[in-house]
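Participant: Under numbering that gives the first Met the number 0, think of the first position of the sequence shown as 0, with each following residue one higher. We put the beta carbon where it would ideally sit given N, CA and C, even for glycine.
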Amino acid sequence: MNNFYKVKKYLIYKKKYKELLIKLAQLENLNKELIKKIEDSKNIQERLQHMVYHDALTGVYNRSYLDNFEFKEKVKKAKSLGIIFCDIDLLKLINDTFGHLIGDNLIFLTSQILKNSIRDKDIIVRMGGDEFVIVSFDISEEETKEMCDFILKKVEAYSVENNNLPIFTSLGFSYGEGEDFCLEEILRKADDNMYKFKLSKRKLVKKKITENIINYYKIYENELYEHGKRVASYALKLGELFGFSRSSIERLKIACIYHDIGKINFNNNLCNGKNHSEVGYRIAKISDLLNFCAEWILQHHENWDGTGCPLSLEGDNIILEAQIIGVSDYYDRMRYYNGLNKIDALEAVRSQADIKFSKDLVNRFTTIFQTTE
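#1: Taking 8 Å as the cut-off, does the region 82-93 touch the region 199-206 (at least 3 CB pairs, one atom from each stretch)?
#2: Mind checking whether V230 and I342 have CB atoms under 8 Å apart?
#3: Residues bridged to H299 by DSSP?
#4: What first and last residue would you give for the beta strand (DSSP E) that runs through T168?
#5: For C292, count neighbouring C-beta atoms within 10 Å of its own C-beta (all shown protein chains included) and say buried if the count is 16 or more, exposed if not.
#6: Within the same chain, show all residues whose beta-carbon is closer than 8 Å to that of N211, passing over the 5 residues directly before and after it, in chain order.
#7: Are the beta-carbon atoms of I296 and H258 separated by less than 8 Å?
#8: Please classify E27 as buried or exposed, where buried requires at least 16 other C-beta atoms within 10 Å of its C-beta.
#9: In three-state terms, what does DSSP make of N221?
#10: Any contact between the region 132-142 and the region 71-86? By contact I mean 3 or more CB pairs, one from each, below 8 Å.
#11: Name, in chain order, the residues that DSSP records as bridge partners for S135.
#12: Within the continuous alpha helix (DSSP H) that includes I112, where are the two ends?
#13: Taking DSSP's pairing of strands, which residues face I122 in a bridge?
#14: Which partner residues does G314 have in the DSSP bridge list?
#15: Look at the alpha carbon of I253 and the alpha carbon of L80, and state the distance between them as a whole number of angstroms.
#16: Would a C-beta distance cut-off of 8 Å place L240 and I150 closer than the cut-off?
#17: Give the straight-line distance between the Cα atoms of E176 and K78, rounded to the nearest whole angstrom.
#18: Verify whether the separation of the beta carbon atoms of D86 and D54 is less than 8 Å.
#19: List the whole-angstrom C-beta distance separating Y194 from I185, where the pair is believed to meet the contact cut-off of C-beta under 8 Å.
#20: Considering just the uninterrupted stretch of the alpha helix (DSSP H) at R245, what are its terminal residues?
#21: Taking the C-alpha atoms as reference points, what is the distance between I101 and N264?
#22: Within a Cβ cutoff of 8 Å, which residues of the same chain sit near T209, ignoring the five residues on either side of it in sequence?
#23: Give me, in chain order, the residues of the same chain whose beta-carbon lies closer than 7 Å to that of T96; leave out the 5 immediate sequence neighbours on both sides.
#24: Could you tell me which residues DSSP puts in a beta bridge with F356?
Here it is as structure tokens:
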């Protein structure tokens, strides 16, 4: 009987022991889950803290960091301070012309150039939009100037390698040392110096950007460029029929060659569709070569009946040169993109009388090309 009770007692203890082990395992799992939740919470806090003081696009500090206690303490402890203001030239124009994807890419690339140009203890702040500030602690005035020159050289080197859409920056620096230097005053002076530099080269930057766009169009957008030359060959005959002067004929030729410049493709970002005439207009407006024909480029997809784009102009409200470019462009697309022969392409033009084009323009065009080309 004694043995029976001993066995029974043993089995009870064994069962309780197993239950205890299960509970311990459950507690261990709960503990792990709790630790994970605490770690996740810390990670979330760290990410939120990072987001508060960092720019999402570039990863550098944002403007809020200048009010951060940690930053203010660094400024207090510094024996000297060098500030460089950096501004990306004509970023608004690039955003308006090619879209914010291209503009954001230039902002990011600029931030990378700046990161690779500073010392480990320096910081970069994106002030917003197109502006960055570099804050250098315990640096000499000469070293600050050298950093400015180094950044400009790196930007220039990038632009030489990527001349389809280079980066242009304006820089200005200021310096303070001793116990009484004022951060706000140094920032203001650096900003003023940057702005003076920016004004001094604004026209040159516009010229360089448009020259690069035009050269890129001629070299890399060969299909569009050849299409433009064919359009010019038709349009010039129409211009002669309308009695254009020799200089007007030459201007019409240039406009035809570049009428599709708004379709230019940078980094697989095609500026196409209905807005390409607006993009072309913006490029032409700042180009010494194309400024005269900006309105023609803008209007070359307007229709005689008012159904065109982007302005929905109709009839004689459409500039004659734009009408000539439009009908010549349409004919070439029928021939080379739709694969029609000459007779069928001319018939397609006739079908658009009083719709896309005036009846008079259609008659003149078809009369010329029935016997020539």
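Facilitator: The structure says:
#1: Taking one beta carbon from each stretch, the region 199-206 and the region 82-93 have 3 or more pairs nearer than 8 Å; the two touch.
#2: no
#3: Answer is none; H299 lacks a bridge partner.
#4: 168-176
#5: With a threshold of 16 other beta carbon atoms within 10 Å, C292 meets it and is buried.
#6: N162, N163, L164, P165
#7: Yes, Cβ-Cβ distance for I296 and H258 is below 8 Å.
#8: Exposed, by the Cβ-count rule.
#9: N221 falls in the helix class under three-state DSSP.
#10: Pairwise C-beta distances place the region 132-142 in contact with the region 71-86, as three or more of them are shorter than 8 Å.
#11: G81
#12: 99-114
#13: I122 is bridged to V134.
#14: DSSP, once it has assigned bridges, lists no residue as partnering G314.
#15: 53 Å
#16: no
#17: 6 Å
#18: no
#19: The C-beta separation of Y194 from I185 comes to about 15 Å, leaving the pair out of contact by the 8 Å criterion.
#20: 245-256
#21: 11 Å
#22: I282, I285, S286, D287, L288, L289
#23: V278, R281, I282
#24: Within the DSSP bridge table, the entry for F356 names A352 as partners.
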